[in-house]
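Protein sequence lines correspond, in order, to chains D and W.
Under the numbering used here, the very last position in the first sequence is 796; numbers go up by exactly one each time.
Under the numbering used here, the very last position in the second sequence is 103; numbers go up by exactly one each time.
Backbone N, C-alpha and C define an ideal beta-carbon position, used for all residues, glycine too.
Computed from a predicted structure; not experimentally measured.
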Amino acid sequence: LPRGTTVSILDREGNFVSPEELGLTNLIAEDWFRVRAVDSDGQEIEGWTPERRVRVRETDDAGAPFSGTIRPILGADADPLTPLYAEADDDSQVVGRLESQDPVQIQEVVTLELWFLVQGQSEGETVEGWTQSRFVRLLGDQTQGRIEQGNTGQFTTRYVERMVSDRFFMPALRTTMLLIVMIIPVQFVLAIIMALVIQANLKGSGVFLYIFAIALGVSDLAVGIVWYSIFTHFGYLNTILQGIGVINAPVTYLSAASRHWIIIAIWLAEVWRSTSIVMVIVVAGLQAISREVLEASEVFGASLWQRVRYIILPLLRPSLQVALILRTILAFQVFAVVIVLSGGDVVTVLANETYRQYYDLRNFNVAAAYASFILLLSLVSAFFYLQAVRTQEEAVT
Amino acid sequence: MTTAVEAKVSVSPEVKAVHRRMRRRQALARGLTYLVGILISLWVLIPIIFIASMALTTPAMVRAYPKSILPFIPFSTATMEFFLNSRGILPGIRNSVVVA
Numbered sequence: 400l401p402r403g404t405t406v407s408i409l410d411r412e413g414n415f416v417s418p419e420e421l422g423l424t425n426l427i428a429e430d431w432f433r434v435r436a437v438d439s440d441g442q443e444i445e446g447w448t449p450e451r452r453v454r455v456r457e458t459d460d461a462g463a464p465f466s467g468t469i470r471p472i473l474g475a476d477a478d479p480l481t482p483l484y485a486e487a488d489d490d491s492q493v494v495g496r497l498e499s500q501d502p503v504q505i506q507e508v509v510t511l512e513l514w515f516l517v518q519g520q521s522e523g524e525t526v527e528g529w530t531q532s533r534f535v536r537l538l539g540d541q542t543q544g545r546i547e548q549g550n551t552g553q554f555t556t557r558y559v560e561r562m563v564s565d566r567f568f569m570p571a572l573r574t575t576m577l578l579i580v581m582i583i584p585v586q587f588v589l590a591i592i593m594a595l596v597i598q599a600n601l602k603g604s605g606v607f608l609y610i611f612a613i614a615l616g617v618s619d620l621a622v623g624i625v626w627y628s629i630f631t632h633f634g635y636l637n638t639i640l641q642g643i644g645v646i647n648a649p650v651t652y653l654s655a656a657s658r659h660w661i662i663i664a665i666w667l668a669e670v671w672r673s674t675s676i677v678m679v680i681v682v683a684g685l686q687a688i689s690r691e692v693l694e695a696s697e698v699f700g701a702s703l704w705q706r707v708r709y710i711i712l713p714l715l716r717p718s719l720q721v722a723l724i725l726r727t728i729l730a731f732q733v734f735a736v737v738i739v740l741s742g743g744d745v746v747t748v749l750a751n752e753t754y755r756q757y758y759d760l761r762n763f764n765v766a767a768a769y770a771s772f773i774l775l776l777s778l779v780s781a782f783f784y785l786q787a788v789r790t791q792e793e794a795v796t
Numbered sequence: 004m005t006t007a008v009e010a011k012v013s014v015s016p017e018v019k020a021v022h023r024r025m026r027r028r029q030a031l032a033r034g035l036t037y038l039v040g041i042l043i044s045l046w047v048l049i050p051i052i053f054i055a056s057m058a059l060t061t062p063a064m065v066r067a068y069p070k071s072i073l074p075f076i077p078f079s080t081a082t083m084e085f086f087l088n089s090r091g092i093l094p095g096i097r098n099s100v101v102v103a
């Protein structure tokens, strides 16, 4: 039956289910107890009864029930006796009957998933058969239901639509894009300057390499905390500003009312954190440029700017391309820094929405849609960079 | 490069002047490079010093305001000890190492 089909539920039956699957949406589970009791004839009987027929009175230390009483059956025309079955199935043989309030010893508990005998229309034909409750959503009086999901796979754009119409989708996309536009140019200029300082071959410039690369070893969550300690209400930035007399009282930067400050904090934290990876790539690229070319240009009197513009940057293009692709992809995934600095509510990004859908809202499909969307954006940007650089090369030759 | 040229043409005062200018420019460029390098180093190091000083001071100082700009005053390992003794740190470290 295709998803969305309305079905009539004709019968139900329990079947064994593994405990890991109990969390599935729509799955209806039923516990059955194997009980031992003395019936009205004074005979000891043992059999299965559903959990709803027994009121549990005592549980052991681990929380497992071990004794209880039979619940009364309500309704004038109902059978006042509760049957015990030979198996955990109400179609099996009845081994005995108990009156209400009879005490029982609970020997064993099993959890069964409910199966429904459903009838529905598929391609003009009426089909009937058993299916697990996990695939069906019950409607109204529980005699009708709708197929919610299957295990055979079916194409649907429903979750993508839900993602796009989510109220956080556009803000998340906008913020992610804004951060990319803000971070990457600054980062590349800074990384090239860093690399040139290191490559200047001054005494002790090796130390700079180690210092510049420190940020590479700090996890993004830690970076978020570092910048949080700077920007928080009683943080270092306020301390310094107040110390030099710029402000009189601490300013609140990271609040819903000052969204732009949160963006600025995220921007600084990201530039601080991830510039060094670009720098490492650029340094490697610079080392590949032959000394002779640079020395020749110097002999001919090229200024630093001319050398950077006409020799270093063109020769660095392959490394810059790699760094650009890497940084853009990583920028689409920015997450921990945003979580720490904004709590994930005021300013949100795509990766944060993925997490929210997956973890808070338990919409696994929508979370997967977000993740795929990030992948798609990364692919498109990588393709764009590759294409842009190739056409430039062709234009040159 | 400069020494070789110097040896040959050291006689002409004009060339000497050009040379002095070049040297001065080189020294300036070197100084600027160091300055830029040190500035970027500060940009990288200051946040780390902030967080390290926060980790190595008393819990009261972490919450205090205004904070002392001079780091590590008063120096204390109380915060660090609290961190190391809190539950979940050792298993956390072990898991991180195993995954790595």
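Alpha-carbon spacing of VAL721 of chain D relative to ILE54 of chain W, whole angstroms: 32 Å
Proximal residues, the stretch 619 to 639 of chain D versus chain W, C-beta separation under 9 Å: ALA621, VAL622, ILE624, VAL625, TRP626, SER628, ILE629, HIS632, PHE633, GLY634, TYR635, ASN637, THR638, ILE639
Classification of GLU486 of chain D by the beta-carbon crowding that lies within 10 angstroms, buried from 16 upward: It counts as exposed.
C-alpha distance - ALA656 of chain D paired with VAL650 of chain D, whole-angstrom precision: 12 Å
Whether SER718 of chain D touches VAL692 of chain D by CB criterion (8 Å): no
N-terminal and C-terminal residue of the alpha helix (DSSP H) that GLY605 of chain D is part of: Counting along the chain, GLY605 of chain D sits inside the alpha helix (DSSP H) bounded by residues 604 to 611.
Test item: CB-CB of PRO471 of chain D and SER499 of chain D under 8 Å: yes
Check whether LEU595 of chain D and THR631 of chain D have beta carbons under 8 Å apart: no
Contact the stretch 576 to 589 of chain D vs the stretch 623 to 641 of chain D: 3+ CB pairs below 8 Å: no
Contact list for THR36 of chain W against chain D, beta-carbon separation under 9 Å: LEU595, VAL596, ALA599, LEU601, SER604
Best match in D:LEU578, D:SER673, D:ILE629, D:VAL453 for proximity to MET593 of chain D [C-alpha to C-alpha]: D:SER673
Straight-line gap, ARG24 of chain W to ARG33 of chain W (C-alpha atoms, nearest Å): 14 Å
6 Å CB neighbourhood of THR481 of chain D in its chain, flanking five on each side removed: Within the same chain, THR481 of chain D has close Cβ partners ARG452, ILE469, LEU497.
Runs of alpha helix (DSSP H) lying entirely within the stretch 582 to 670 of chain D, each at least 4 residues, in chain order: 604 to 611, 619 to 630, 635 to 642
Pairwise C-alpha distance: SER99 of chain W and SER618 of chain D: Distance between the alpha carbons of SER618 of chain D and SER99 of chain W is about 12 Å.
Buried or exposed (CB count within 10 angstroms, at least 16 for buried), ASN762 of chain D: buried
Cβ-based neighbour list, VAL466 of chain D, same chain, cut-off 8 Å, excluding 5 preceding and 5 following: Inspection of the sequence shows that residue 466 of chain D is occupied by Ser rather than by Val. The residues are VAL455, ARG456, GLU457, PRO502, VAL503, GLN504, ILE505.
Whether VAL786 of chain D touches TYR769 of chain D by CB criterion (8 Å): One point to set straight first is that residue 786 of chain D is Gln, not Val, in the sequence displayed. Contact: no.
Chain W residues whose Cβ lies nearer than 9 Å to that of ALA614 of chain D: VAL47, PRO50, ILE51
Unbroken alpha helix (DSSP H) run spanning TYR754 of chain D, endpoints: 749 to 754
CB contact check: MET57 of chain W to chain D, cutoff 8 Å: yes
Length of the line joining the Cα atoms of ARG433 of chain D and PRO449 of chain D: 9 Å
Same chain only: Cβ atoms within 7 Å of ARG561 of chain D, ignoring 5 sequence neighbours per side: VAL765
Beta strand (DSSP E) segment containing VAL526 of chain D, residue limits: Where VAL526 of chain D is concerned, the enclosing beta strand (DSSP E) stretches over 524 to 531.
Simplified DSSP state of ALA436 of chain D, which is helix, strand or coil: strand
Supposed close pair PHE567 of chain D, THR747 of chain D - CB separation, criterion 8 Å: 5 Å
Neighbour-count burial assignment, LEU776 of chain D, 16 or more Cβ in a 10 Å radius: Note on LEU776 of chain D: 16 or more other CB atoms within 10 angstroms of its CB, so buried under the neighbour-count rule.
Cutoff 8 Å: ILE96 of chain W Cβ touching any chain D Cβ: No, ILE96 of chain W lies away from the interface with chain D (no Cβ there is under 8 Å from its Cβ).
Contact with chain W by PHE731 of chain D, beta-carbon distance below 8 Å: no
Own chain partners of TYR799 of chain D with C-beta closer than 8 Å, once the 5 adjacent residues on each side are dropped: With chain D represented from 400 up to 796, any question about residue 799 of chain D goes unanswered, as that position is not in the structure.
For VAL455 of chain D, the three-state DSSP class (helix, strand or coil): strand
Close Cβ partners of ILE688 of chain D (< 8 Å) along its chain, the five nearest in sequence each way excluded: ILE710, ILE711, LEU714, LEU715
Neighbourhood of GLN705 of chain D by C-beta, 8 Å cutoff - its chain only, sequence neighbours within 5 removed: SER696
Three-way DSSP call (helix, strand, coil) for PRO94 of chain W in this model: helix
For SER564 of chain D and LEU685 of chain D, the rounded distance between their alpha carbons: 46 Å
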